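Chemist: Those sequence lines, one after another, are chains A and B. With the numbering used here applied, the first sequence has no gaps in its numbers, which climb one by one up to 235 at the end. With the numbering used here applied, the second sequence has no gaps in its numbers, which climb one by one up to 235 at the end. First, the structure itself, so that you have it in front of you.
Protein chains: 2
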Amino acid sequence: MTESNLLPDTRTRLIAAGLHLFGRGGFDGTSTRELARRAETNVASIAYHFGGKAGLRQACAESIAHRVSSRMSLADADALPQDPQAALSEIEDTLRQFATMLYSAPEAEDFVPFLLRELTEPGEIAELIFTRLLLPRHVRLCRLWALATGRPAEADAVKLAVFAAIGQLLYFRIARPLVTRRMNWPGIGPDETAQITETVIANLRAAIERSRT
Amino acid sequence: MTESNLLPDTRTRLIAAGLHLFGRGGFDGTSTRELARRAETNVASIAYHFGGKAGLRQACAESIAHRVSSRMSLADADALPQDPQAALSEIEDTLRQFATMLYSAPEAEDFVPFLLRELTEPGEIAELIFTRLLLPRHVRLCRLWALATGRPAEADAVKLAVFAAIGQLLYFRIARPLVTRRMNWPGIGPDETAQITETVIANLRAAIERSRT
DNA sequence: CAGTATTATTCAAACGTTTGATTGAATCAA
DNA sequence: TTGATTCAATCAAACGTTTGAATAATACTG
Chain A
23 MTESNLLPDT RTRLIAAGLH LFGRGGFDGT STRELARRAE TNVASIAYHF GGKAGLRQAC
83 AESIAHRVSS RMSLADADAL PQDPQAALSE IEDTLRQFAT MLYSAPEAED FVPFLLRELT
143 EPGEIAELIF TRLLLPRHVR LCRLWALATG RPAEADAVKL AVFAAIGQLL YFRIARPLVT
203 RRMNWPGIGP DETAQITETV IANLRAAIER SRT
Chain B
23 MTESNLLPDT RTRLIAAGLH LFGRGGFDGT STRELARRAE TNVASIAYHF GGKAGLRQAC
83 AESIAHRVSS RMSLADADAL PQDPQAALSE IEDTLRQFAT MLYSAPEAED FVPFLLRELT
143 EPGEIAELIF TRLLLPRHVR LCRLWALATG RPAEADAVKL AVFAAIGQLL YFRIARPLVT
203 RRMNWPGIGP DETAQITETV IANLRAAIER SRT
């Protein structure tokens, strides 16, 4: 106790290094020596704390799962809004939260690239991220969508529409270099984030309107 | 002359191997020995024909650029449709072509993963793919969008809306394992492709309708 | 047209480096 | 002292690349 040290745990530092380096260079593109250097520790610590490089990768994913869970809490599953307008509002709020996390939350900056990279290539990590983070939110969004449009919550069309809405946000982040190039943006700051978010929200409203009639 | 050999060029075989292996395992995750084995040649051929592993990667990208150009030709830039309805139709056609290539074209199957992987990580290759393949089509789609909605073609909102439309298609392909899991699909066949495409087209129509008013 | 010189391509083998992992000693806190 | 943790040093394996000889294709010459 009473940690007067300036540095966090070796364990914690290694996970931070993993998120950063795996997210940028990929798992194969990152060496254990790089990881150790960035975490300011010895290579052997990786094996000691995580059993190996693959174990560190897993620990990075679990670290994200925890942090995202705390930052984007699921609304109580039993408490669904009643009128369509309230359902739509909650969908919009969820997307906005998601966008904030993806584009401009400083504390998410180091793990979002890791998350996206793992999501784009199938494997155990993608599995974990999907079941723990994405799936429960997808299910709830489908229920909300159903409330907002009057369609059955588990209809294929509803599920796909929700995927499409989330997909737009994820895509803008994945293709960020392409988007900034085409838009002649210096980067994605608060203004640009707002523009993207409003585009997606506008698409959402249009889709729901059309689906309702 | 009179090639009675069963195999294509070593050069050609190496590019095919590169598209396949880089697309699945990534650049760092693929060794020159794997590449040579799959191309049924010697490792030294990589250096001989492409200067090295990185050169093969580049050649793979250029091969894609050629193949996509021939399969998805750009309509003549000077021949824009005149009425909004025709413009909308051409946008829809373009998206459908794109979807076919991404999801179900057999001859695209081996290079689509390569293309997506390179697009998701910034670099020289992504640059080439973007400027040669994506950008010209994006520009034309913006013009068509402008015609269909009456808005200025180079308005930020138009560019972003086009990105959002393309992004949906790309995302469904990138996140294919996730989508099939959630939908309880065995895979993405013609039926599933149609469902996805219709979802995106429906979103497109809704967005354009709303943008027009 | 035959025979030779020239070039292009492929090959097995080896190069030096880097990889992830492991070792046993050193260091630390309790 | 004890158990947990970190360390420098080392390991075999795999890495991308290079080598020089062998082979195949092409051009030249008499």
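Backbone N, C-alpha and C define an ideal beta-carbon position, used for all residues, glycine too. Small disclaimer: the values here were computed from a predicted structure and weren't measured.
(1) Please say whether B/P103 and B/L169 have beta carbons closer to each other than 8 Å?
(2) Extract the residue ranges of the beta strand (DSSP E) inside the region 113-165 of chain A, only unbroken runs of 3 or more that lie entirely within it.
(3) Any beta-carbon of chain A closer than 8 Å to the one on B/M23?
(4) Using a Cβ-Cβ cut-off of 8 Å, state whether B/F185 counts as contacting chain A.
(5) Of all the options B/I86, B/A216, B/R232, which has the alpha carbon lying nearest to the alpha carbon of B/G45?
(6) Taking the alpha carbon of B/H71 as the reference point, which residue from B/L182, B/I37, B/D50, B/E149 has its own alpha carbon closest?
(7) B/A236 touches chain A at which residues, Cβ-Cβ below 8 Å?
(8) What separation, rounded to the nearest whole angstrom, lies between the Cα atoms of A/L200 and A/L78?
(9) Among A/E231, A/L192, A/R159, A/Y193, which one has its Cα closest to the Cα of A/K181?
(10) What do you reckon, are the CB atoms on A/L191 and A/F120 nearer than 8 Å?
(11) Answer with yes or no whether the minimum CB distance from A/R60 to chain B is below 8 Å.
(12) Note the first and the last residue of the continuous alpha helix (DSSP H) segment covering B/N225.
(13) Determine the closest residue to B/G211 out of B/E62, B/T116, B/L124, B/S111, with distance taken between C-alpha atoms.
(14) Around the Cβ of B/S26, are there at least 16 other Cβ atoms within 10 angstroms (buried) or fewer (exposed)?
(15) Starting from B/I218, find everything on chain A with Cβ-Cβ shorter than 8 Å and list it in chain order.
(16) Leaving aside the five residues before and after B/A130 along the sequence, list all residues of the same chain whose C-beta is less than 7 Å from its C-beta, in chain order.
(17) Measure the CB-CB distance between B/L57 and B/L43 and report whether it falls below 8 Å.
(18) Given a cut-off of 8 Å, decide if A/E112 and A/L166 are closer than it, judged by their beta-carbon atoms.
Modeler: Answer, in terms of the structure:
(1) In this structure, B/L169 sits near B/P103, with a CB-CB distance shorter than 8 Å.
(2) Here no run is fully enclosed.
(3) Below a pLDDT of 50, predicted positions are generally treated as unreliable, and B/M23, at 35, falls in that range; no measurement from the model is reported.
(4) Yes, B/F185 lies at the interface with chain A (some Cβ there is under 8 Å from its Cβ).
(5) Ranking the options by Cα distance to B/G45, first place goes to B/I86.
(6) Distance check between B/H71 and each of B/L182, B/I37, B/D50, B/E149 places B/I37 closest, using alpha-carbon atoms only.
(7) A question about residue 236 of chain B goes unanswered here, because the residues of chain B that appear run from 23 up to 235.
(8) So the two alpha carbons sit approximately 31 Å from each other.
(9) For A/K181, the nearest C-alpha among the options comes from A/R159.
(10) Going by C-beta atoms, A/L191 is nearer than 8 Å to A/F120.
(11) With 8 Å as the cut-off, A/R60 does not count as an interface residue toward chain B.
(12) Here the alpha helix (DSSP H) through B/N225 covers 212-234.
(13) Nearest to B/G211 by alpha-carbon distance, out of B/E62, B/T116, B/L124, B/S111, is B/L124.
(14) Confidence is the limiting factor: at B/S26 the pLDDT is only 39, short of 50, which leaves the residue's position unreliable, though a coordinate-based value still follows. The residue is exposed, with fewer than 16 neighbouring Cβ atoms inside 10 Å.
(15) Neighbours of B/I218 on chain A, chain order: L182.
(16) So the qualifying residues of the chain are M123.
(17) With contacts defined as CB atoms closer than 8 Å, B/L57 and B/L43 qualify as a contacting pair.
(18) Cβ distance < 8 Å, so A/L166 and A/E112 count as in contact.
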